[in-house]
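**Q** Attaching a single structure in structure tokens format; questions to follow.
Written out as structure tokens, the structure is:
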């Protein structure tokens, strides 16, 4: 006898397997060359079954992009939630995000296609990420204002300006384009941003 | 009788006419669709004659890009050379550069191809522009340090960090990508940058 697994329990798992398999293909042969048929074959299923979960390759890419961005958000949220000075947490968040993005975009060249597709065709997914990471940055700036560590008054504006000032170290296209520009270093730019936030050490 | 114009006098003028004609084509039908034959025909000369001045369409594009960038440099150099507080000059330089770049990159959609080609294939030309504009910014920051208006000590580092913090308002690709992001505004970001430079009003 075989045990029937109800479809509504089986599906989240199949969905995840499709996304994981797609990500592996994107890393290995690139977004453009990967077909839905490749993904289906690797999972020993029909393309029609893949289309039950995602109506296009673009939809699969959005799920891959979102998963990668959620990992970054998780990493910086964990730092944001720590105790200690807001400036130190901000610096650590920026370094972590830069490290994760740089590894993905400047080292894994095959992933550029996937990133380019997401930036060009799925801006709403990227925008969701920007909003979520901005909320995390804003909370830490607000902590720093509350503790007297930062002199700025508007946490939302301050954190948005700070992120914009660090764009070169976060944005996939800028990371690639500026890879050959050694200065300012990430830490120099973080020092600049902390000064702009009116950082008073030891407050 | 005809008057022979020596080649070495006639050539700079022909070169300029080729660049001006190319720029007009790039604006009207885009870089990709423009051919050297189109440019030659508009100038009533043979393609071979165009190739005497530029060995490829890429070389023509580099000359067009350089001309546009020199215009921006000229505009900000004029502001930098004025009297008055360094912070005001910096603000004016940034606004001017943003205005000129935004007009070109976000309004003239056909020019994107030319800009993309320059960014992808002719980085040394873009880099030259970045170095020249950076030198202008650095002089103004140095003025502000000398007058006690800015608290930072290193004019080179301060001006580089400032420009990086304003990348979203200068970079052609970022201007297009962030066009729908109303905040922070340019003036809010300039305020942020001036604080980071340790601006003391009325110094």
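Residue numbers (the UniProt record's numbering), protein chains in the order written: chain W, 1 to 203; chain X, 1 to 203. Built from N, CA and C at the ideal position, the CB exists for glycine as well.
Among X:63, X:66, X:92, which has the Cα closest to the Cα of residue 77 of chain X?
**A** Of the listed residues, the one whose Cα sits closest to residue 77 of chain X is X:92.
**Q** Using beta carbons (cut-off 9 Å, strictly below), is residue 189 of chain W in contact with chain X?
**A** So, interface residue.
**Q** Whose CA, out of W:23, W:166, W:50, W:121, lies closest to the CA of residue 187 of chain W?
**A** Of the candidates W:23, W:166, W:50, W:121, the one whose C-alpha sits nearest the C-alpha of residue 187 of chain W is W:166.
**Q** Output, in sequence order along the chain, the residues in the region 175–188 of chain X whose CB is closer than 8 Å to any CB in chain W.
**A** Cβ contacts with chain W come from 177, 183, 184, 188.
**Q** Check the Cβ-Cβ distances between residue 173 of chain W and every residue of chain X, and say whether any is below 9 Å.
**A** Output row for residue 173 of chain W: interface = yes.
**Q** Along the region 101–113 of chain X, where does the CB come closer than 9 Å to a CB of chain W? Name the residues.
**A** Under the 9 Å Cβ criterion, the region 101–113 of chain X contributes no residue.
**Q** Could you please give me the residues that DSSP links to residue 150 of chain W through a beta bridge?
**A** DSSP output for residue 150 of chain W lists W:199 as bridge partner(s).
**Q** Using the beta-carbon count (16 or more within 10 Å), is residue 1 of chain X buried or exposed?
**A** In this prediction, residue 1 of chain X scores a pLDDT of 48, lower than 50, which makes its location untrustworthy; no coordinate-derived value is stated.
**Q** What three-state label does DSSP hand residue 136 of chain X in the structure shown?
**A** Helix.
**Q** Examine chain C for any beta-carbon lying closer than 9 Å to the beta-carbon of residue 115 of chain X, and answer yes or no.
**A** Given the protein chain composition of this structure (W and X), no chain C is represented.
**Q** Expressed to the nearest angstrom, what Euclidean distance is found between the alpha-carbon atoms of residue 39 of chain W and residue 41 of chain X?
**A** Rounded to the nearest angstrom, the two C-alpha atoms are 51 Å apart.
**Q** Which term fits residue 201 of chain W, buried or exposed, when burial requires 16 or more other beta carbons within 10 angstroms of its beta carbon?
**A** The residue is exposed, with fewer than 16 neighbouring Cβ atoms inside 10 Å.
**Q** Residue range of the alpha helix (DSSP H) that residue 163 of chain W falls in?
**A** 155–165 is the extent of the alpha helix (DSSP H) around residue 163 of chain W.
**Q** What's the C-alpha gap between residue 204 of chain X and residue 172 of chain X?
**A** The structure shown does not extend to residue 204 of chain X, since chain X spans only 1 to 203, so no value can be given for it.
**Q** Of all Cβ atoms in chain X, is any one closer than 9 Å to the Cβ of residue 13 of chain W?
**A** With 9 Å as the cut-off, residue 13 of chain W does not count as an interface residue toward chain X.
**Q** In chain W, which residues lie less than 8 Å from residue 168 of chain X when you measure between Cβ atoms?
**A** Result: 164, 167.
**Q** Between residue 63 of chain X and chain W, is any beta-carbon pair separated by less than 9 Å?
**A** No, its Cβ sits nowhere closer than 9 Å to a Cβ of chain W.
**Q** Should the region 113–123 of chain W be regarded as contacting the region 179–194 of chain W, the criterion being three or more beta carbon pairs within less than 8 Å?
**A** Verdict: no, contact absent.
**Q** Sort X:109, X:154, X:25, X:15 by Cα distance to residue 53 of chain X and report the nearest one.
**A** The residue with the shortest Cα to Cα distance from residue 53 of chain X is X:15.
**Q** Could you compute how far the alpha carbon of residue 151 of chain X sits from the alpha carbon of residue 108 of chain W?
**A** Whole-angstrom Cα-Cα distance: 41 Å.
**Q** For my contact list, residue 134 of chain W and residue 62 of chain W are in at a C-beta cut-off of 8 Å; report their separation, rounded to the angstrom.
**A** Actually they do not touch by this definition, with Cβ atoms about 20 Å apart.
**Q** Can you tell me where the alpha helix (DSSP H) with residue 175 of chain X in it begins and where it stops?
**A** Its alpha helix (DSSP H) spans residues 172–177.
**Q** Closer than 7 Å by C-beta to residue 204 of chain W: which residues in its own chain qualify, once you throw out the five before and the five after it? Chain order, please.
**A** Outside the shown range of chain W (1 to 203) lies residue 204 of chain W, about which nothing can therefore be said.
**Q** Where residue 49 of chain X and residue 99 of chain W are concerned, what is the direct C-alpha to C-alpha distance, given to the nearest angstrom?
**A** Taking the straight line joining both Cα atoms gives about 51 Å.
**Q** Using a cut-off of 8 Å between C-beta atoms, extract the partners of residue 200 of chain W located in chain X.
**A** Under the 8 Å cutoff, chain X gives no residues; its nearest Cβ is about 13 Å from residue 200 of chain W.
**Q** List, in order along the chain, the chain X residues whose C-beta lies closer than 8 Å to that of residue 157 of chain W?
**A** Result: 183, 184, 188.
**Q** Is residue 84 of chain W helix, strand or coil by DSSP?
**A** Coil, per DSSP.
**Q** Kindly give me the distance between the Cβ atoms of residue 164 of chain X and residue 168 of chain W, rounded to whole angstroms, as I take these residues to be in contact under 8 Å.
**A** With a Cβ gap of about 5 Å, residue 164 of chain X and residue 168 of chain W count as contacting.
**Q** In whole angstroms, what separates the C-alpha of residue 66 of chain X from that of residue 56 of chain W?
**A** Rounded to the nearest angstrom, the two C-alpha atoms are 42 Å apart.
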